[in-house]
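Below is one structure; the comments refer to it alone.
In our numbering, the protein residues as written are 155 to 703.
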């Protein structure tokens, strides 16, 4: 089973603050002794973040499409298997030795040829039935020799498996001769000790196999007679009682294994495994790799294993914004600066939420509180995230603490905050830099779900509205599609001019939206938001009131 890993990860459609805070916080927690912790992201980098990481020479965090627990996360690498030609006696030994209930039958290449289920084998051998069927055994001469650890004195049709009848010659030869008169010798396995008359009678009748117990001597002329009659002749060290029991358990496992069974692949979700175990009749499922080789067994006990993935959420605390599958794993920390909308947790967790302009500001305070100064690279990341989210300290969300931290981080990084911020926004302000308009809308798109209505708002910063004016009709059409696809009551794009410190809102909603939204309408679907720079602190509270009312 893989070791537990903790991912520090921002929201879907990651922005600069979520990515930079994830990297910086993962570094801090590692310095504080948290092992197997690494930054991650829940989507592609936008142009601004890509520019920052490339400028600083920092590798992008691991991209996680989802964190759903998968079969590979809970299976053990301690696999017990059995070859198809092994006798059932060996299978029972493995069941007992390893305390398991299911045993894959695997050939020399690792390919599966079926599986053995302990309960079914128990029913087969321990539940009494008719006397005649109790003496029947499905076996072959080779399987008998292997189960009995026998010395082969002569062997015929060694691998041919057939249903044979088991007889023990523990009586006078005359009595035994009478019993043999009514049986088919070619379907008979005869077990006896040093009763030479019984041995000879069996060979002369042409039994399928004669087993001499106790490592007792066998006459050389009897061996020669066995060759003439086509009788398999075996000598075993076990006594007659144990030999009879082992002969019953000599059936090759391939002959009784279940071939019609369920399988899973390591990358299948744990939920899929749960369904197969609930609706299947087997105690477990065979796990196959991409080459169809058996690599593990998954049982219901595996479902109880703790997830190997833990999450530290940064720059968000709502599952609707989190990486897919976050609700299926353990969330151990949250570091944020947004409103509370977090899900309940089973255990107390570390929750850091501050009314500041960026999550990078929260992370920077943690460095200071624990007495650690971030190195120049980490300080640059924190400064970049802070400047991005506060629009170079111009957003109404900016606090005095943000301004103080910007100065501190500027000193540690050797960067002047104002010029660094302008470089950041200049590198990402071109609307046409996105491959498609859909990617532009989704680059920083967040959804909000209320009791009755839901909406989504993207945001993009520009240094002039000129380019936006030429794209607004196409953007409006794309917003309508996005609204319908995601079943939202409104889809909007907040376009913020960071030079003029004002915004335009392109919004597609219901027909009465112009009367409800409360902003001056410039033209169809376009509204003027003078002095609005912050989606979180200025636009979102207003829209939440609009959609509640």
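Virtual Cβ for every residue (Gly too), placed ideally from N, Cα, C.
- request: Just tell me which of 699, 597, 678 and 444 has its CA closest to the CA of residue 196.
  value: 597
query: Just how far apart, CA to CA, sit residue 639 and residue 276?
result: 56 angstroms
- prompt: What is the C-beta distance between residue 636 and residue 645, in whole angstroms, given that I count them as a contact (C-beta under 8 angstroms)?
  reply: Between residue 645 and residue 636 the Cβ distance is about 5 angstroms, and since that is below 8 angstroms, they are a contact.
task: Return the residue from the list 488, 448 and 648 that minimises the CA-CA distance to residue 502.
output: 488
message: Per the DSSP calculation, residue 205 is bridged to which residue(s)?
response: Residue 205 is not bridged to any residue.
- request: State yes or no: is the C-beta of residue 370 within less than 9 angstroms of the C-beta of residue 357?
  value: no
query: CB residue 178 to CB residue 466, shorter than 9 angstroms?
result: no
Length-filtered (4 minimum) alpha helix (DSSP H) runs lying within the segment 577-632: 591-596
Short Cβ contact (9 angstroms threshold) for residue 633 with residue 595: yes
task: With residue 564 as the anchor, note down where its alpha helix (DSSP H) starts and where it stops.
output: 554-567
- request: Mark residue 609 as exposed unless 16 or more other C-beta atoms lie within 10 angstroms of its C-beta, in which case mark it buried.
  value: It counts as buried.
message: How far does the alpha helix (DSSP H) with residue 251 in it extend, from its first residue to its last?
response: 242-252
As assigned by DSSP and simplified to three states, the class of residue 497: coil
Cut-off 7 angstroms between Cβ atoms - residues of its own chain near residue 443, not counting five sequence neighbours on either side: 420 and 449
query: When burial is assigned at 16 or more other CB atoms within 10 Å of the CB, is residue 593 buried or exposed?
result: Answer is exposed; the Cβ neighbour count stays below 16.
task: Throw me the rounded Cβ distance for the residue 385 and residue 360 pair, which I believe falls under 8 angstroms.
output: 6 angstroms
query: For the putative contact between residue 341 and residue 318, defined by C-beta atoms under 8 angstroms, what is the C-beta separation to the nearest angstrom?
result: 5 angstroms
task: Return the bridge partner residues of residue 186 from the DSSP annotation.
output: Under the DSSP definition of a beta bridge, residue 186 lacks any partner.
Extent of the continuous beta strand (DSSP E) run through residue 658: 656-662
field: Those runs of the alpha helix (DSSP H) which lie wholly inside the segment 406-467 and span at least 4 residues
entry: 407-410, 424-433 and 454-457
- request: Starting from the Cα of residue 535, find the closest Cα among 157, 171, 160 and 167 and give me that residue.
  value: For the set 157, 171, 160 and 167, the Cα lying nearest the Cα of residue 535 is the one of 171.
- prompt: Secondary structure at residue 333, three-state DSSP: helix, strand or coil?
  reply: helix
query: My guess is that residue 642 and residue 629 are in contact by the Cβ rule of under 8 angstroms, so how many angstroms apart are they, rounded?
result: Wrong, their Cβ atoms sit about 16 angstroms apart, outside the cutoff.
message: Between 383, 582, 220 and 289, which has its C-alpha nearest residue 405's C-alpha?
response: 289
query: Which class does residue 164 belong to by DSSP, given the choice of helix, strand or coil?
result: strand
message: Taking the beta carbon of residue 676 as the centre, do at least 16 other beta carbons fall within 10 Å, making it buried, or is it exposed?
response: exposed
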